[in-house]
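**Q**
Protein chains: 2
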Amino acid sequence: MASNSKNIFKEILKKEGLRYTQQRQLVWDELKNSHDHRDAENIYMCIRNNGLNVSRATVYRTIDVLVKNRLVRKMDVGDGRNRFEPRLNDDHHDHMICQNTGDIIEFFNEELEILQEKIANDLGYTVVRHVHQLFVKPLTK
Amino acid sequence: MASNSKNIFKEILKKEGLRYTQQRQLVWDELKNSHDHRDAENIYMCIRNNGLNVSRATVYRTIDVLVKNRLVRKMDVGDGRNRFEPRLNDDHHDHMICQNTGDIIEFFNEELEILQEKIANDLGYTVVRHVHQLFVKPLTK
DNA sequence: TTCAGGATGAGACTCATTCTCAATAAGGAA
DNA sequence: TTCCTTATTGAGAATGAGTCTCATCCTGAA
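Each protein sequence line maps, in turn, to chains R and L.
Using this note's numbering, the first residue of the first sequence is number 1421, and each one after it goes up by one.
Using this note's numbering, the first residue of the second sequence is number 1421, and each one after it goes up by one.
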């Protein structure tokens, strides 16, 4: 629960040799319960709107730590602003972005994961991470 | 050959209601014979280094037209600078980016293409375009 | 050859993100 | 609990890829 994810966060800071601060906690609080795909500015503004004060620089700096330690996933939707989402349960998925509505739909397909690892292996590589985004339009029937 | 791709280019300009200019041709010349994945600045500098003068703005503007008309493919490698490559033969492929060397390796897998269309279909969509990048490391044996 | 309107170039501008640095605060030591 | 070293913070400047502006130039139809 809440205290659990807080502990995970503290452990990561310790592992990285970083101090536990109010500001870092606020950024993680803001991110960890969101189910959207939010940009840094949105996270910054939400914290501000709660009457709390954290600078943009700190938001970015903290997100970097979270991304590096896989508590948060960073995604490039192609409009110049990165989006972030929590990955507490480490449920890997990829994204479909609807060209009509801008909706972001998550999907996961085991077969796809296996196939891409095989493709890399055949060329002498192993996949460290990947980006797989489908820019789609609704099927019309 | 050369004259052929030149004609394709001219036709596209006409179709778009745009004029054929020296500058546009220079940008297309620079791009069409390259087998690398180059950024806009590189294309701009190469033209300059040949003693020719085309502005950065025109390079970007022309690339937009080429991308829109599928003579050039735009790819986001994740470092903030888009890369471009010609796609005269319209040979679709995806990319593997080696984390150790920065090398960009092209790959194509039919099964993958079919699978992702199926995934989209199952959710009521059809794939317009996609981004599939594998960030890899060499297999050590 | 003419000329209307599209194209260009130089540089200003945008905007997400990063950097700077003086002031602040975490947290180990005593 | 207090002290003190040093990481962290915030405000705003800086960066950098890409876009926009607008006076001037040039294409191409007639």
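Yeah, the Cβ is synthetic: ideal placement off N, Cα and C, and Gly gets one too.
May I ask whether a heavy atom of the ligand ZN can be found less than 8 Å away from the beta carbon of E1526/L?
**A** In the structure shown, the ligand ZN is absent, as is every other ligand, since no ligand is present at all.
**Q** Name the chain R residues that come within less than 7 Å of E1531/L, Cβ to Cβ?
**A** What E1531/L touches in chain R: L1535.
**Q** Which class does T1482/R belong to by DSSP, given the choice of helix, strand or coil?
**A** Helix, per DSSP.
**Q** Secondary structure at Q1519/L, three-state DSSP: helix, strand or coil?
**A** If DSSP states are grouped into helix, strand and coil, Q1519/L belongs with coil.
**Q** Quick one: is N1424/L buried, meaning 16 or more other Cβ sit within 10 Å of its Cβ, or exposed?
**A** Its Cβ having fewer than 16 others within 10 Å, N1424/L is exposed.
**Q** Whose C-beta lies closer than 8 Å to the C-beta of V1492/L among residues of the same chain, with five residues either side of it excluded?
**A** Same-chain partners within the cutoff: L1451, I1483, L1486, F1504, E1505, P1506, R1507.
**Q** So, does the CB of F1563/R fall closer than 9 Å to a CB anywhere in chain L?
**A** This structure cannot speak to residue 1563/R, because chain R is shown only from 1421 to 1561.
**Q** Taking just the CA atoms, how far does N1489/L sit from D1514/L?
**A** Roughly 19 Å between the two C-alpha positions.
**Q** Using a Cβ-Cβ distance cut-off of 9 Å, determine whether P1558/L contacts chain R.
**A** Yes, contact with chain R.
**Q** What is the rounded straight-line gap between the Cα of I1539/L and the Cα of F1555/R?
**A** Using only the alpha carbons, I get a separation of about 12 Å.
**Q** With 9 Å as the threshold, decide whether the Cβ of M1465/R is near any Cβ in chain L.
**A** Answer no: the Cβ-Cβ gap between M1465/R and chain L never drops below 9 Å.
**Q** Could you give the distance in angstroms between the alpha-carbon of N1529/L and the alpha-carbon of I1517/R?
**A** Rounded to whole angstroms, N1529/L to I1517/R spans 22 Å at the Cα level.
**Q** Could you tell me whether any Cβ in chain R is nearer than 9 Å to the Cβ of Y1440/L?
**A** By this cut-off, Y1440/L is not an interface position.
**Q** How far does the alpha helix (DSSP H) with V1474/L in it extend, from its first residue to its last?
**A** From DSSP, V1474/L is part of no alpha helix (DSSP H); its letter is neither H nor E.
**Q** Who are F1528/R's beta bridge partners in DSSP?
**A** Answer is none; F1528/R lacks a bridge partner.
**Q** Rounded to whole angstroms, what is the Cα-Cα separation between N1541/R and T1560/L?
**A** Rounded to the nearest angstrom, the two C-alpha atoms are 11 Å apart.
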